[in-house]
Amino acid sequence: GIQVEQSPPDLILQEGANSTLRCNFSDSVNNLQWFHQNPWGQLINLFYIPSGTKQNGRLSATTVATERYSLLYISSSQTTDSGVYFCAVRNSGNTPLVFGKGTRLSVIA
Amino acid sequence: DAGVIQSPRHEVTEMGQEVTLRCKPISGHNSLFWYRQTMMRGLELLIYFNNNVPIDDSGMPEDRFSAKMPNASFSTLKIQPSEPRDSAVYFCASSYGTGGEYFGPGTRLTVT
Numbered sequence: 079g080i081q082v083e084q085s086p087p088d089l090i091l092q093e094g095a096n097s098t099l100r101c102n103f104s105d106s107v108n109n110l111q112w113f114h115q116n117p118w119g120q121l122i123n124l125f126y127i128p129s130g131t132k133q134n135g136r137l138s139a140t141t142v143a144t145e146r147y148s149l150l151y152i153s154s155s156q157t158t159d160s161g162v163y164f165c166a167v168r169n170s171g172n173t174p175l176v177f178g179k180g181t182r183l184s185v186i187a
Numbered sequence: 007d008a009g010v011i012q013s014p015r016h017e018v019t020e021m022g023q024e025v026t027l028r029c030k031p032i033s034g035h036n037s038l039f040w041y042r043q044t045m046m047r048g049l050e051l052l053i054y055f056n057n058n059v060p061i062d063d064s065g066m067p068e069d070r071f072s073a074k075m076p077n078a079s080f081s082t083l084k085i086q087p088s089e090p091r092d093s094a095v096y097f098c099a100s101s102y103g104t105g106g107e108y109f110g111p112g113t114r115l116t117v118t
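Listed in order, the protein sequences are those of chains L and W.
All residue numbers for the first sequence refer to my numbering, where the first residue is 79 and numbers rise by one.
All residue numbers for the second sequence refer to my numbering, where the first residue is 7 and numbers rise by one.
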C-alpha cells in the first residue's frame, strides 16, 4: 500500500518563529489532508489539498502531486500551535486515509 | 453543521463489561470510519463503511469487536467483553466521495 513519511518527527520552536513540515508519499493520490491534533486530543482538519496551494491565516500548504510531497508552513508560531501534525493521503476511490506518523511540534514562549 | 458527533466522550468500565460507542456522521456523508489511537500503536483504522455497508473490517483486532451502521446517520462500535488493553481513544470520521475526512471529538475509553 501507499507509504507516508513525515519529517521532522519532532520540532521545538520559539514563539514567533516560522516552520515547514514535510510529507512524502509513495504513490499518486486523490486526497491529501493535513490535521492538527491538539494537546486535548482533538483532530482538527487543517487542509484538504490533493494538489496546489492553500492558505488559512498563518498556515498554508502546498502539494506537488507530480513529485509526491506536500509542505505545511506555519508562520509566526504561537503556543496554541503545539500538538501533533498529521499528513494523510488516499490514492483510490473513497478508501480510507493512510496516515503518517506525525510531527510533534512544541512552541515555547 | 454540527460535525461528527460521538458519545460518550469518556467511558470508564470494568474488565468484562460490554462497551458501546456511538457515532453520528455529518449529514450527507456516505463513508464512515472507526479509528483507534494509542500511544504505542498510533492511529489505526478499525473498520469503514460506504453507504452503510461494511467494506473492510480487517483492522478490527478481535471477535470481541463489532460495528454496525443501521442507517446513514448512525453507527456503533461494540466491545464485548472489554479488556484493559482496549483502553484507547476511539475516533469516528466521515466523508463524502473522495472528499476530505472529518473527525469526531473521540471517545476516551478506560477499561480497569
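Glycine is no exception: its CB is placed at the ideal position from the N, C-alpha and C atoms.
Note that this is a predicted model, so its numbers are computed, not measured.
Residue i at chain L interface by Cβ criterion, 7 Å
i, result
"Pro111 (chain W)", "yes"
"Phe39 (chain W)", "yes"
"Val59 (chain W)", "no"
"Tyr54 (chain W)", "yes"
"Val117 (chain W)", "no"
"Val25 (chain W)", "no"
Between the CA atoms of residue j and residue i - distance to the nearest angstrom
i, j, result
"Ser93 (chain W)", "Gln156 (chain L)", "32 Å"
"Met21 (chain W)", "Gly135 (chain L)", "46 Å"
"Asn96 (chain L)", "Ser72 (chain W)", "45 Å"
"Thr19 (chain W)", "Val25 (chain W)", "8 Å"
"Ile85 (chain W)", "Ser100 (chain W)", "21 Å"
"Asn172 (chain L)", "Thr144 (chain L)", "21 Å"
"Val142 (chain L)", "Gly130 (chain L)", "7 Å"
"Val167 (chain L)", "Arg15 (chain W)", "27 Å"
"Ser78 (chain W)", "Tyr102 (chain W)", "Looking at the sequence provided, one finds Ala at residue 78 (chain W) rather than Ser. About 12 Å."
"Arg70 (chain W)", "Lys132 (chain L)", "43 Å"
"Gly112 (chain W)", "Gly34 (chain W)", "20 Å"
Closer than 7 Å to chain W by CB, residue i
i, result
"Pro86 (chain L)", "no"
"Leu175 (chain L)", "yes"
"Tyr147 (chain L)", "no"
"Asn123 (chain L)", "yes"
"Gln156 (chain L)", "no"
"Tyr163 (chain L)", "no"
Contacts around residue i, its chain only, beta-carbon distance under 8 Å, and the 5 residues preceding and following it disregarded
i, result
"Gly9 (chain W)", "Ile32, Tyr108 and Gly110"
"Leu89 (chain L)", "Ser97, Leu99, Thr181, Arg182, Leu183 and Ser184"
Residues near residue i by beta carbon distance below 7 Å, same chain, minus five either side
i, result
"Cys101 (chain L)", "Val82, Gln84, Tyr147, Ser148, Cys165 and Gly178"
"Glu1 (chain W)", "Lying before the first or after the last residue shown, residue 1 (chain W) is absent from chain W, which here runs from 7 to 118."
"Gln43 (chain W)", "Leu49, Ala94, Val95 and Phe97"
"Ser13 (chain W)", "Arg28"
"Ser123 (chain L)", "Note that residue 123 (chain L) is Asn in the sequence shown, not Ser. For Asn123 (chain L), where only same-chain residues beyond five positions count, the Cβ hits under 7 Å are Gln111 and Phe113."
Three-state secondary structure assigned by DSSP to residue i
i, result
"Glu145 (chain L)", "helix"
"Thr82 (chain W)", "strand"
"Asp69 (chain W)", "coil"
"Pro14 (chain W)", "coil"
"Arg91 (chain W)", "helix"
"Arg157 (chain L)", "In the sequence under discussion, the amino acid at residue 157 (chain L) is Thr, which differs from the Arg named in the question. Helix, per DSSP."
"Gln115 (chain L)", "strand"
"Ala95 (chain L)", "coil"
"Lys24 (chain W)", "First, the residue type needs correcting, since residue 24 (chain W) is Glu and not Lys in the sequence shown. Glu24 (chain W): coil per DSSP, three-state reduction."
"Gln130 (chain L)", "Residue 130 (chain L) is actually Gly in this sequence, not Gln. In this structure, Gly130 (chain L) counts as strand in the three-state DSSP scheme."
"Asp88 (chain L)", "strand"
"Ile53 (chain W)", "strand"
"Gln120 (chain L)", "coil"
Any C-beta of chain A under 7 Å from that of residue i
i, result
"Asn109 (chain L)", "Absent here is chain A; the protein component of the structure consists of chains L and W."
Neighbourhood of residue i by C-beta, 6 Å cutoff - its chain only, sequence neighbours within 5 removed
i, result
"Thr98 (chain L)", "Leu149 and Tyr151"
"Ile61 (chain W)", "Tyr54"
"Ser81 (chain W)", "Cys29, Leu38 and Met75"
"Ile127 (chain L)", "Leu110, Ala139 and Thr141"
Inset, instruction - Determine contact between the region 102–117 of chain L and the region 169–183 of chain L, defined as no fewer than three beta-carbon pairs at a distance below 8 Å. - result: Short answer: they touch.
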